[in-house]
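Protein chains in written order, with our numbering: chain G, 1 to 542; chain L, 543 to 715. From the three backbone atoms N, C-alpha and C, an ideal C-beta is built for every residue, glycine too. Being a predicted model, the structure only gives us computed values, none of them experimental.
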Amino acid sequence: MNITSLAPLAVVLPILGAALTFLLIHHPRVQRAVSIAVLTLTLLLECWLLASVWDGGTAAVNIGGWLPPWGVVLVVDQFSSLMLVVSSAVSLAVLIYATGQGMADGDRDAPVSIFHPTYLILVAGVSNAFLTGDLFNLYVGFEILLTASYVLITLGGTGPRIRAGVTYVVVSVVSSVLFLIAIAMIYGATGTINMADLAIKLGELDQGTRTLLHVMLLVAFGIKAAVFPLSFWLPDSYPTAPAPVTAVFAGLLTKVGVYAMVRTETLLFPGDALNGPLMVAALLTMVVGILGALAQSDIKRLLSFTLVSHIGYMVFGLAMSTVAGLGAAVFYVAHHITVQTSLFLVTGLIERRGGSSSVDRVAGLAKLSPVLGVLFFIPAMNLAGIPPFSGFLGKLGLLQAGVELGTPLAYALVIGGVLTSLLTLLAIARVWNRAFWRKPEDAEHPDPVLLAAPADSATGDRAGKTNVTLLPRTMVGSTLGLVVFGVALTVFAGPLFRVADQSAQEMLDRTSYIHAVLGQDAPVPPVPPSVHPVQIQEGSGK
Amino acid sequence: MSVNLTLLTVMGALYACGIYLLLERSLTRVLLGLMLLANATNLLILATGGYSGLAPLFDKDTAAGDYNDPLPQALILTSIVISFAVTAFMLGIIYRTWVLARQDEIQDDAEDRRVAQTPSFDAEDDSVIPVETSEFPLATVMSGDRAVRADKAASEEQPGSLNVDPSPEGGGE
């Protein structure tokens with residue numbers, strides 16, 4: 001029982017589970033039980049990984065016994081294991097929610113027997129991307145999760161889903177091609193694709209080549225993470241998918257892009273060569289994203305825009321490349337995965353209960369279903385960053401780190417961050433006022449279902465059959481579980497912040513990562529000298 | 543390290559055609575563009591392997607420098623498999639679009655168009671409230687030619703009626 005033999009199971013278990021559920025395609029009940037059991041097992045394994053990395057430090061696994069610079073290597077450090085635990089917990093909650101939805105509606109209405117295998121493949125891809133220490137294997141991990149997501153986003157093959165799916169598939173394929181081109185260029189320049197080896201060899205290249213490779217990787221990951229000029233595809237394609245699918249995409253997929261950006265910035269290209277442009281991109285992502293959210297009337301689209309906007313906070317933390325900034329960004333990623341996913345799950349429930357996800361139509365939900373109100377209110381306030389929730393703590397950490405840095409650009413981002421937080425509150429409050437507090441008859445386009453008296457179930461074409469359950473217990477329960485998990489992030493914010501700060505320190509230091517992969521006597525190159533314009537000005541001023 | 547010029551020229555041509563086709567509105571052309579881009583990238587990876595050499599099968603008498611670099615070929619193999627899967631999926635989507643809409647074109651996002659045409663005036667947020675609706679009898683308003691208390695005036699107000707004169711201050715004397 002050591003970490004080198006168990007770490008690959010985080011990827012292998014979901015893949016085996018996918019094969020098994022695929023074989024059980026005609027036995028939906030067994031299929032559900034198997035996929036939930038597999039994900040639970042994966043989650044427990046990853047909790048154990050996090051605990052052992054906490055004690056024993058970074059560990060590396062050579063797949064197939066090939067030695068590091070040549071073979072594929074999996075690296076378990078604090079950041080990757082933390083991401084694994086949070087992502088698996090969230091995907092387990094979403095899986096239970098999706099199972100509840102399938103049981104309530106009857107599986108015969110939609111050909112969703114393919115859902116479970118595809119979903120497990122998606123989880124395997126996400127785990128692979130978090131664990132890998134090899135650039136090409138990272139590409140493979142991205143492709144596994146993207147191909148699974150193509151199937152999930154077009155599930156059922158209705159007109160709107162196919163339309164949204166086309167945009168999503170084409171944009172994702174283009175970003176993957178860009179990533180592959182960057183890998184080819186990096187291999188041509190250095191002769192290696194092992195990330196620890198690259199950390200040493202990229203430093204020996206001249207500045208121009210380095211910047212070119214750096215920008216290519218950042219653009220490829222920027223599309224996947226939806227950073228502003230490259231975020232156009234996200235609000236267009238996410239909202240049409242089924243509620244659990246949108247929820248898991250919003251929580252995990254963009255964060256995998258953010259994770260890849262963090263690895264690129266800290267391990268491969270340390271120093272602050274591109275911090276200025278990244279900060280500008282972060283500011284634009286925050287402000288443009290939230291302004292887009294204010295214009296929407298559909299809750300799913302509104303949440304998609306807030307998702308884009310809050311990616312800006314993580315990029316801001318990353319672009320500071322200080323321990324405080326990066327640590328706050330790591331904390332924010334964990335917080336945002338949980339909160340954004342639970343908000344999308346609640347929106348799925350709102351759509352079920354209220355008949356629509358447009359705030360022009362739904363109304364009076366606070367009276368109809370107080371439980372739904374509580375479930376929406378807590379993560380919504382958490383997203384907007386109201387104290388004492390974890391959203392507030394994460395933003396506070398980012399803003400403090402920004403003030404500490406003290407450059408004009410950092411101050412601009414601090415102001416932009418506060419503004420975005422307030423505008424998020426405005427957008428969320430509009431949803432709350434209209435969907436929950438307004439009387440049904442006051443709605444602009446009132447929903448006839450909400451106004452009508454309860455239908456007599458003894459007559460009509462569904463007479464005798466059981467009606468569709470509006471709020472199945474499994475769906476409400478899994479959403480509640482995720483909301484409670486989000487609140488737990490607030491309660492245990494102290495230990496979580498410690499993990500985040502330690503992982504930030506590890507990542508900026510790079511020693512433990514390179515030593516774990518290449519052995520104790522591998523040279524750790526120094527971080528290149530700062531080229532920050534402000535610091536140069538200060539130096540020349542003295 | 544010498545690079546094969548023919549390969550590079552073909553690669554450049556494939557990239558150019560691929561990007562051109564990708565910008566078309568027809569889905570089949572977009573798919574062809576993506577395939578060209580993937581193949582151009584495969585050629586690029588091949589070019590990073592350096593000069594041509596012997597097949598990388600170990601033989602004691604061959605010097606290490608005579609072998610071809612096997613890694614790029616392994617990478618190309620993986621990327622061919624991936625692009626094959628994506629191409630098959632895209633063909634499925636294109637066929638589905640054809641079945642559903644009888645057209646092979648990328649369609650606009652209807653909700654996006656609707657939001658873009660929404661006027662900035664929002665009926666619920668921005669309307670002027672014509673009469674005093676507070677519970678506290680503060681003021682009188684003009685209804686026709688007589689003054690009534692604001693709390694009573696609310697009951698005379700019907701949607702669209704002109705009974706109560708909405709003065710610019712929003713009620714009051």
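- Here G364/G is near K439/G, since their CB atoms are less than 8 Å apart.
- Along the segment 177 to 195 of chain G, going in chain order, the ones with a CB nearer than 7 Å to a CB of chain L are V177, L180, I181, A184, Y187, G188.
- Using a Cβ-Cβ cut-off of 8 Å, R210/G does not count as an interface residue toward chain L, since no Cβ of chain L sits closer than that to its own.
- Using a 10 angstroms sphere on the CB of S5/G, the tally of other CB atoms stays under 16, which defines it as exposed.
- Between Y150/G and chain L, the shortest Cβ-Cβ separation is below 8 Å.
- Per the C-alpha coordinates, the member of E647/L, A643/L, I635/L, Q659/L positioned closest to E566/L is E647/L.
- For L44/G, the number of other beta carbons within 10 angstroms of its own is below 16, and it is reported as exposed.
- Under DSSP, A60/G forms a beta bridge with V75/G.
- Taking a Cβ-Cβ threshold of 7 Å, the residues of chain G close to M632/L are V169, in chain order.
- In the DSSP annotation of this structure, the continuous segment of the alpha helix (DSSP H) that includes P14/G starts and ends at 9 to 23.
- When the alpha-carbon of I36/G is set against those of S91/G, A60/G, I223/G, W48/G, the nearest one is in S91/G.
- Residues of the segment 648 to 664 of chain L with a C-beta less than 7 Å from any C-beta of chain G: I648, Q649, D651, E653, D654, V657, listed in chain order.
- Counted as a single uninterrupted DSSP element, the alpha helix (DSSP H) harbouring Q340/G occupies residues 323 to 354.
- Burial of P14/G is indicated by the presence of at least 16 other C-beta atoms within 10 angstroms of its C-beta.
- In chain order, A243, I299, K300, L303, S357 place their CB closer than 7 Å to the CB of T347/G, counting only its own chain and leaving out the 5 sequence neighbours on each side.
- Residue environment analysis places P277/G among the exposed positions, since fewer than 16 neighbouring C-beta atoms fall within 10 angstroms of its C-beta.
- Interface annotation, V552/L: not in contact with chain G, CB-CB separation never under 8 Å.
- Look at E441/G here: in three-state DSSP terms it is helix.
- Residue-level contact check: L578/L does not touch chain G, since none of the beta carbons of chain G fall below 8 Å from its beta carbon.
- Between L230/G and T322/G a beta carbon distance of about 25 Å is seen, past the 8 Å cut, so the two are scored as non-contacting.
- The beta carbon of G141/G does not come within 8 Å of any beta carbon belonging to chain L, so the residue lies off that interface.
- Per the Cβ contact rule, the segment 569 to 579 of chain L is in contact with the segment 553 to 561 of chain L (3 or more Cβ pairs under 8 Å).
- Any Cβ of chain G closer than 8 Å to the Cβ of S621/L would place that residue at the interface, and such an atom is present.
- Taking C-beta atoms as the reference points, V524/G and T511/G count as a pair closer than 8 Å.
- One finds nothing in chain L with a Cβ atom closer than 7 Å to the Cβ of A427/G; even the nearest lies about 12 Å away.
- The shortest CA-to-CA distance from I121/G to any of V403/G, A51/G, V527/G, L39/G is the one to L39/G.
- Along the segment 282 to 297 of chain G, the positions whose C-beta sits under 8 Å from a C-beta of chain L are A295, Q296, S297, read in chain order.
- For the pair A247/G and L345/G, the CB atoms are nearer than the 8 Å cut-off.
- Looking at the DSSP output, Y609/L sits in a beta bridge with L596/L.
- The DSSP-derived three-state label of A281/G is helix.
- When DSSP states are grouped into helix, strand and coil, D197/G belongs to the helix group.
- In this structure, the beta-carbon distance from F485/G to T338/G falls below 8 Å.
- Chain-ordered, the chain G residues with CB closer than 7 Å to the CB of R638/L read G157, I162.
- Interface flag for P614/L against chain G is set, since a Cβ pair is found closer than 8 Å.
- Look at S568/L here: in three-state DSSP terms it is strand.
- Annotated three-state conformation of D664/L is coil, per DSSP.
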